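Asks: Here it is, the structure in full.
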Amino acid sequence: MKIESLSMRFHNWEAFLSTQLFMKRESRYYFNLVYTYFRWVDDYVDDENRKEIERAQFLSRQQTLLKRLYQGYKFRPENYLEWAITKVIEYDLEHNSQLKPAIFRMFQVFEFDTIRKNKVPSFKELKRYSVNLGSAYARSLLYFIAPEYGRYREVYSLLAYTCHLVHLLRDFAEDKEIGYINISKEEMEQYNIRLEQIHDENFSHWLNEKIRIIRSLFKKGKCELEKIPILRVELIGYLYCFRYERILGQIEEDGYKLKDKYPMRWRDLAQLISIFIYTPLRHLCCIIKR
Numbered sequence: 427m428k429i430e431s432l433s434m435r436f437h438n439w440e441a442f443l444s445t446q447l448f449m450k451r452e453s454r455y456y457f458n459l460v461y462t463y464f465r466w467v468d469d470y471v472d473d474e475n476r477k478e479i480e481r482a483q484f485l486s487r488q489q490t491l492l493k494r495l496y497q498g499y500k501f502r503p504e505n506y507l508e509w510a511i512t513k514v515i516e517y518d519l520e521h522n523s524q525l526k527p528a529i530f531r532m533f534q535v536f537e538f539d540t541i542r543k544n545k546v547p548s549f550k551e552l553k554r555y556s557v558n559l560g561s562a563y564a565r566s567l568l569y570f571i572a573p574e575y576g577r578y579r580e581v582y583s584l585l586a587y588t589c590h591l592v593h594l595l596r597d598f599a600e601d602k603e604i605g606y607i608n609i610s611k612e613e614m615e616q617y618n619i620r621l622e623q624i625h626d627e628n629f630s631h632w633l634n635e636k637i638r639i640i641r642s643l644f645k646k647g648k649c650e651l652e653k654i655p656i657l658r659v660e661l662i663g664y665l666y667c668f669r670y671e672r673i674l675g676q677i678e679e680d681g682y683k684l685k686d687k688y689p690m691r692w693r694d695l696a697q698l699i700s701i702f703i704y705t706p707l708r709h710l711c712c713i714i715k716r
């Protein structure tokens, strides 16, 4: 059983599809390892049964492990997941440690998760959280899909940041129940929002404005995406936009009310198919015009 592939398939179908269609076999293997490792760390940090000090000690051990591995030290992994990241870093050391910034940026995300529970973050803190996650994910994806095209990292980072803003909306109610607040204290004051009333007009007004901002970021990112001359890089970007823009569409259709699930609908499937047809055709037309 390929544990890493199954993990990705259930948690993130875009990442799974991207690895199967656009990555070479060796790159796919290491991307699966690092993805599974990050899922493990994230699940450990999010475990509501663990104390803050326990989560902090876990992160400290993992970061010590990573730093020493990058320094060339040998480490005895305690489990399969530590073995996985050990193999990834050995691979990265052979490729000028290009993945290193992404790995440590992800740990900034995990560290914030350990301290933000049952606290309302500031706008600056919440934005930095999404920026860090977007940057880390963009770096990781490009590293394995098209390492020679790192110059497009800025476009991918913008789109990943924007997707995470939608992610925070999608999981708002679920995260609130376990103590993670996905709205800033400044926004709560500005829109007179109370966390126990997320279905009232004030919350819907905030959602409306938030989605308007997110839509503008998607528009900006996709305009830049169209300029990328590598089809696989462009297509993956559109896949991620599709996943999260369809969630925005459902929130809008529901009158700016959140719900527990945002299932794929038949019209969503039709749009997904059109992306796979239209994007290569438009890309080919651009090549012909040059």
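Just so you know, we're using our numbering here: the sequence shown kicks off at 427 and counts up by one. Virtual Cβ for every residue (Gly too), placed ideally from N, Cα, C. Given the structure is predicted, the values throughout are model-derived calculations rather than measurements.
Between the C-alpha atoms of A482 and T540, what's the straight-line distance to the nearest angstrom?
Replies: 7 Å
Asks: The alpha helix (DSSP H) with F536 in it runs from where to where?
Replies: F536 -> alpha helix (DSSP H) spans K526 to I541.
Asks: Drop a sphere of 10 angstroms on the beta-carbon of H590, count the other beta-carbons inside from all chains shown, and report buried for 16 or more, exposed for fewer.
Replies: buried
Asks: Between the stretch 694 to 708 and the stretch 619 to 630, do three or more beta carbon pairs fall short of 8 Å?
Replies: no
Asks: For L633, which residues from the same chain have a beta carbon less than 6 Å from its beta carbon, with the 5 sequence-adjacent residues on both sides left out?
Replies: Y682
Asks: One question on the structure: do S610 and F549 come within less than 8 Å of each other, judged by their Cβ atoms?
Replies: yes
Asks: Tell me the DSSP secondary structure of Y606 in three-state form.
Replies: DSSP places Y606 in strand when its eight states are reduced to three.
Asks: Can you confirm whether the stretch 585 to 603 touches the stretch 554 to 569 when touching is taken to mean that 3 or more C-beta pairs between the two stretches lie within less than 8 Å?
Replies: Touching, yes, given that three or more Cβ pairs across the two stretches are closer than 8 Å.
Asks: Would you tell me roughly how many angstroms separate the C-alpha atoms of K493 and S556, rounded to the nearest one?
Replies: 24 Å
Asks: Please look up how many angstroms separate the CB atoms of V514 and L459, rounded, as I've assumed it's under 8 Å.
Replies: 5 Å
Asks: Compare the C-alpha of I607 against each of A528, R596, E615 and V546 and name the closest.
Replies: V546
Asks: Quick check on DSSP: helix, strand or coil for K653?
Replies: Annotated three-state conformation of K653 is coil, per DSSP.
Asks: To which residues does DSSP link K646 through a beta bridge?
Replies: Looking at the DSSP assignment, K646 forms no beta bridge with any residue, so it has no partner.
Asks: Any contact between the stretch 668 to 685 and the stretch 634 to 653? By contact I mean 3 or more CB pairs, one from each, below 8 Å.
Replies: Touching, per the Cβ criterion.
Asks: What separation, rounded to the nearest whole angstrom, lies between the Cα atoms of N688 and E678?
Replies: A quick correction: the sequence has Tyr, not Asn, at residue 688. About 12 Å.
Asks: Given Q529, which residues of its chain have a CB within under 7 Å of its CB, disregarding the five upstream and five downstream residues?
Replies: Checking the sequence shown, residue 529 turns out to be Ile, not Gln. Answer for I529: L492, listed in chain order.
Asks: Looking at the secondary structure, which residues open and close the alpha helix (DSSP H) in which N558 lies?
Replies: Per DSSP, N558 belongs to the alpha helix (DSSP H) from F549 to I571.
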